[in-house]
Amino acid sequence: MPAEYSFDVVSKIDQQELDNALNQARKEIAG
């Protein structure tokens with residue numbers, strides 16, 4: 013159970029990092 017929880021937390025952090033990377037890429041393309 014704790015392993016699943018920690019994986020879920022890491023998964024959410026990765027999603028946030030992915031969103032940030034996509035936003036940064038869009039700014040660079042638009043700029």
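Residues 13 to 43 in our numbering are what the sequence shown lists, from first letter to last.
Built from N, CA and C at the ideal position, the CB exists for glycine as well.
At the level of alpha carbons, what is the spacing between residue i and residue j?
{"i": "Asn35", "j": "Ser18", "result": "26 Å"}
{"i": "Ile41", "j": "Glu29", "result": "18 Å"}
{"i": "Ala37", "j": "Asp31", "result": "10 Å"}
{"i": "Val22", "j": "Lys39", "result": "26 Å"}
{"i": "Gly43", "j": "Asp20", "result": "35 Å"}
{"i": "Asp26", "j": "Glu16", "result": "15 Å"}
{"i": "Lys24", "j": "Ala33", "result": "14 Å"}
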